[in-house]
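Asks: My questions will all concern the structure given below.
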Amino acid sequence: MKTIIYTLLLLCLFACKLPTQTNEAIFKYDNGEIVTKPEYINPFYFEYQDVKSYPVESFTIFSKNNEHSYSVKLSNYQGTEGDGGYYRSIDVEYKNKNILSLKQSDGWDKLQKHVRPLASNDYFLALPLTDSSTALVFVGYPYNSQPELLTIVILNKGEATLVFNKEIMIRSIKYDKANLSFVMNLQDYPVEYLDVDTPCYTPKFFKILLDKGILKFEGPYNTIEE
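Written out as structure tokens, the structure is:
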């Protein structure tokens, strides 16, 4: 009997050490409004409060049903041109009113080459979630072998909400515009090698996927299907 109890205790301890598998929505709708989860939003590092900015690019984004039109304005700060990234400020306007302003010092980058074919511009993705809501996906500049920042903003019925801001890499995206379906395959760290066959780190893999108008975060996985 003691042997059985001891074995069960060992199994319980082993189970406690297994990595937690996440499969949950990163936001929800409440009476048509976006409700965020703070665990998916890291604060921005920003130190250019007294530095003048200048415009980089401006884009117009329409909801899938064409009932809502937003202006997305990207800006940078004077004196940062030699640093990483192309812009450090994101402003979203609706009917000439600013509804969201994001600022950071480290900078957002242009989209990676393997992601750009899915975008209408070089700076961010606009992925419809429903007829009236759209996800804007921005990527940060990768510093010192660290994963770049992944920033996701939801446009919904005249509002703009930051729902995700974490350091994690986009590996690939499967996107079906006609059926409002996509999956972002993610990786927590880049892989560097001690030699040709010996990696310094074994990455963990995650997904952000669209499920009935909601973005869900899943993982970690040991491997991921592309």
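Taking the numbering used here, I'd label the letters of the sequence shown as residues 216 to 441.
Don't be surprised by glycine CBs; every beta carbon is placed ideally from N, CA and C.
Computed from a prediction, not measured in an experiment: that's the story for all the values here.
1. Kindly indicate the opening and closing residues of the beta strand (DSSP E) around Arg303.
2. Just the Cα atoms here: how many angstroms apart are Glu374 and Lys312?
3. From Tyr436 to Pro343, what does the alpha carbon distance come to, in whole angstroms?
4. Based on DSSP bridge pairs, tell me the residues matched to Gly294.
5. With distance defined between alpha-carbon atoms, name the residue in Leu340, Ser286, Asn371, Tyr292 nearest to Ser273.
6. Per the DSSP calculation, Gln402 is bridged to which residue(s)?
7. Which of the three DSSP states is assigned to Tyr253 in this structure?
8. Taking C-alpha atoms, which residue in His329, Ile256, Asp245 lies nearest to Thr366?
9. Hey, quick one: how far does the beta strand (DSSP E) through Phe259 stretch, first residue to last?
10. State the CB to CB distance for the pair Gly428 and Ser348, rounded to an integer number of angstroms; the pair is presumed to be in contact (CB under 8 Å).
11. What runs of the beta strand (DSSP E), each 3 residues or longer, lie entirely inside the stretch 313 to 346?
12. Start and end of the beta strand (DSSP E) containing Asp245?
13. Here's the rule I'm using: 16 or more other beta-carbon atoms within 10 Å means buried, otherwise exposed. How should Pro332 be labelled?
14. Which of helix, strand or coil does DSSP assign to Gly355?
15. Please tell me whether Asp337 has its Cβ less than 8 Å away from any Cβ of chain D.
16. What residue range does the beta strand (DSSP E) around Glu282 cover?
17. Report the rounded CA-to-CA distance for Leu370 versus Thr438, giving the unit in angstroms.
18. Assess, as a yes-or-no matter, whether the stretch 315 to 326 is touched by the stretch 350 to 367 under the definition of 3 or more beta carbon pairs within less than 8 Å.
19. Indicate whether the contact test is met: 3 or more Cβ pairs, each with one atom in the stretch 266 to 280 and one in the stretch 246 to 256, closer than 8 Å.
20. With 16 as the cutoff for other CB atoms within 10 Å, does Pro234 come out buried or exposed?
21. Which one of Glu254, Ser316, Asn394 has the shortest CA to CA distance from Val368?
22. Under a three-way DSSP split, which group does Thr218 fall into?
Replies: Walking through what the data contain:
1. Numbered from its first residue, the sequence shown carries residue 303 at position 88. Looking at the DSSP string, the run of the beta strand (DSSP E) that includes Arg303 is 302 to 309.
2. The sequence position of residue 374 within the sequence shown is 159, counting from 1. The sequence position of residue 312 within the sequence shown is 97, counting from 1. Rounded to the nearest angstrom, the two C-alpha atoms are 10 Å apart.
3. As a position in the sequence shown, residue 436 is number 221, starting the count at 1. As a position in the sequence shown, residue 343 is number 128, starting the count at 1. The straight-line gap from Cα to Cα measures roughly 26 Å.
4. Locating residue 294 in the sequence shown gives position 79, where the first residue counts as 1. DSSP output for Gly294 lists no bridge partner at all.
5. Counted from its first residue, the sequence shown places residue 273 at position 58. Cα-wise, what sits closest to Ser273 is Ser286.
6. The residue you call residue 402 lines up with position 187 of the sequence shown. DSSP, once it has assigned bridges, lists Met384, Phe420 as partnering Gln402.
7. Taking the first residue of the sequence shown as position 1, residue 253 is located at position 38. Residue 253 is actually Pro in this sequence, not Tyr. Correct three-state label for Pro253: helix.
8. To locate residue 366, count along the sequence shown from 1; it is residue 151. Taking only the C-alpha atoms, the option nearest Thr366 is Ile256.
9. Start at 1 with the first residue of the sequence shown, and residue 259 comes out as number 44. Phe259 -> no beta strand (DSSP E), and no H or E assigned at all.
10. By 1-based counting over the sequence shown, the position of residue 428 is 213. By 1-based counting over the sequence shown, the position of residue 348 is 133. Their Cβ separation, rounded to whole angstroms, is 7 Å, which keeps Gly428 and Ser348 in contact under 8 Å.
11. 340 to 343
12. As a first step, residue 245 must be located in the sequence shown, where it is residue number 30. 242 to 245 is the extent of the beta strand (DSSP E) around Asp245.
13. For the purposes of this step, residue 332 is taken as the residue at position 117 of the sequence shown. Exposed.
14. Against the sequence shown, residue 355 aligns to sequence position 140. The answer is strand: DSSP assigns Gly355 an E or B state.
15. Chain labels in this structure do not include chain D; a single protein chain is all it has.
16. Locating residue 282 in the sequence shown gives position 67, where the first residue counts as 1. Where Glu282 is concerned, there is no enclosing beta strand (DSSP E), given that its DSSP letter is neither H nor E.
17. Here the question's residue 370 lines up with position 155 in the sequence shown. Here the question's residue 438 lines up with position 223 in the sequence shown. C-alpha separation (whole angstroms): 32 Å.
18. yes
19. no
20. Residue numbering aside, residue 234 sits at position 19 when the sequence shown is read from its first letter. Unreliable positioning characterises Pro234 in this predicted model, as indicated by a pLDDT of 44, which lies under 50. The coordinate reading is nonetheless provided below. Exposed, by the Cβ-count rule.
21. Your numbering for residue 368 matches position 153 in the sequence shown. When each option's Cα is compared against that of Val368, the closest is Ser316.
22. If you number the sequence shown from 1, residue 218 lands on position 3. The predicted position of Thr218 is uncertain, since its pLDDT is 39 and thus under 50; no value can be drawn from it.
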